[in-house]
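Numbering (UniProt numbering), first residue to last: 1 to 318.
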C-alpha cells in the first residue's frame, strides 16, 4: 500500500468512526503534507524512524513551525500508523522505536474571571433586549421581539458557561437531544463518546424553551438546536457570535468558545465540585487533562491569599 492509498483509507476510516468534519479536514491537511515530503508513491512499509526523523527536522528547522504545529502533525501520523498496524497493513508502527516528542512549555487553560463572565452574560442578554437578572418572563418577551441571531448568541453563551461543552459539540446538538423536563442535553463528544450534561438553572431551561419556540417559527430546514435564518449555526458562526458579544461587553482580550469551556470547569472546581464529576461533565478520557484546571484554581487561591494578607497588613499598620 502506498502512502497516498493509506491516507485515503485512513480518512475513510475516520468518517466511519464519525469523527468531526473539522478533525477530518485537519488530518487530511497534515497527511498530505507528509505525502509531499516523503512521496505519495512511497510504500508505507518503507516509512521508518529515519524518514520520520528527517520529516521532524524538516518541520522544525526548514519550515520553522511552532512546537504546537509540529506536535499536531506528528500526532496525526502516529494515529494513522497505529491504525495501519492494527489493521495488519504493516507489521509494526515506525513510531514504536522513535522518540518524536516535541517539548512544549506548559500552558494553563485560559478562562474568564467571574467579573468578565458576568459582563459577557449581561452583554449577551442586552443583545436580546434583556436588562438585569435573567428571568423566565423576560426571556419569553425577548423570544417574541429579538432577532434569531441575538437569541442564538444568548443561548450559546449561557449553555457554554453552564455546561463546558466544546463548540463543535454545541453545534452538533439537535432538538431530539434536548430533554426539557429533565433539564438534560445528550451530547455526542469526541470519539463518538456520548454523555449527558445538565441544566440546573430554571432560567436557562426557560431560555431554552423560549428559544425552541422562536426557532420553530423560522424556516431553517435543519434539526440542529442552534440555527440562523439560513439554517444550522455551525461552529464558525457560534465563534463569531461569542466574539461579537465579548466585544460588546468591552472585554479587553479576544474571547473564544473554548475559553468559556475553561471558565465553566474552573468555576465548578473553585466551588468545590469533585474533579471526577468535572471530568465526566467535560468528557475528558483522562483525569490528568482535567487536573490542568486545578493549577488554575491554585493560582486563584494564591492570589486571594496574597490580597487578603495585603489587606490584613494594611489594617494593622493603621
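We put the beta carbon where it would ideally sit given N, CA and C, even for glycine.
Beta carbon of residue i nearer than 8 Å to that of residue j
{"i": "residue 201", "j": "residue 162", "result": "yes"}
{"i": "residue 338", "j": "residue 81", "result": "Any answer about residue 338 is impossible in this case: the structure gives the chain only from 1 up to 318."}
{"i": "residue 257", "j": "residue 175", "result": "no"}
{"i": "residue 3", "j": "residue 70", "result": "no"}
{"i": "residue 265", "j": "residue 164", "result": "yes"}
{"i": "residue 125", "j": "residue 154", "result": "yes"}
{"i": "residue 120", "j": "residue 278", "result": "no"}
{"i": "residue 19", "j": "residue 76", "result": "no"}
{"i": "residue 83", "j": "residue 34", "result": "no"}
{"i": "residue 25", "j": "residue 97", "result": "no"}
{"i": "residue 142", "j": "residue 128", "result": "yes"}
{"i": "residue 203", "j": "residue 136", "result": "yes"}
{"i": "residue 269", "j": "residue 152", "result": "no"}
{"i": "residue 65", "j": "residue 59", "result": "yes"}
Top-ranked residue by Cα proximity to residue i, from the options
{"i": "residue 217", "options": "231, 259 and 204", "result": "231"}
{"i": "residue 72", "options": "88, 278, 27 and 97", "result": "27"}
{"i": "residue 335", "options": "171, 120, 78 and 66", "result": "This structure cannot speak to residue 335, because the chain is shown only from 1 to 318."}
{"i": "residue 1", "options": "208, 87, 17 and 276", "result": "87"}
{"i": "residue 194", "options": "282, 181, 144 and 112", "result": "282"}
{"i": "residue 205", "options": "117, 139, 229 and 149", "result": "139"}
{"i": "residue 196", "options": "203, 173 and 124", "result": "173"}
{"i": "residue 199", "options": "59, 9, 159 and 154", "result": "159"}
{"i": "residue 148", "options": "270, 207, 9 and 13", "result": "207"}
{"i": "residue 238", "options": "267, 157 and 179", "result": "157"}
{"i": "residue 113", "options": "12, 5, 280 and 267", "result": "267"}
{"i": "residue 180", "options": "225, 280 and 143", "result": "225"}
{"i": "residue 42", "options": "253, 150 and 7", "result": "7"}
{"i": "residue 5", "options": "229, 39 and 23", "result": "39"}
{"i": "residue 146", "options": "61, 78 and 229", "result": "229"}
{"i": "residue 74", "options": "85, 62, 61 and 53", "result": "53"}
{"i": "residue 117", "options": "252, 221 and 274", "result": "252"}
{"i": "residue 14", "options": "79, 61, 47 and 67", "result": "79"}
{"i": "residue 236", "options": "22, 110 and 222", "result": "22"}
{"i": "residue 178", "options": "223, 29 and 274", "result": "223"}
{"i": "residue 85", "options": "47, 144, 17 and 68", "result": "47"}
{"i": "residue 227", "options": "276, 150 and 280", "result": "150"}
Where the alpha helix (DSSP H) through residue i begins and ends
{"i": "residue 58", "result": "Residue 58 -> no alpha helix (DSSP H), and no H or E assigned at all."}
{"i": "residue 2", "result": "No alpha helix (DSSP H) holds residue 2; DSSP gives it neither H nor E."}
{"i": "residue 271", "result": "Where residue 271 is concerned, there is no enclosing alpha helix (DSSP H), given that its DSSP letter is neither H nor E."}
{"i": "residue 128", "result": "No alpha helix (DSSP H) holds residue 128; DSSP gives it neither H nor E."}
{"i": "residue 30", "result": "21-38"}
{"i": "residue 247", "result": "235-248"}
{"i": "residue 93", "result": "Neither: residue 93 is in no alpha helix (DSSP H) and is coded neither H nor E."}
{"i": "residue 69", "result": "67-86"}
3 or more residues per run - each beta strand (DSSP E) lying fully within the segment 144-216: 184-188 and 194-198
When you compare the segment 243-251 with the segment 260-268, are there three or more beta-carbon pairs, one atom per stretch, that lie closer than 8 Å? no
Any 3 or more C-beta pairs closer than 8 Å across the segment 183-199 and the segment 209-216: no
With three or more C-beta pairs closer than 8 Å as the rule, is the segment 131-149 touching the segment 90-100? no
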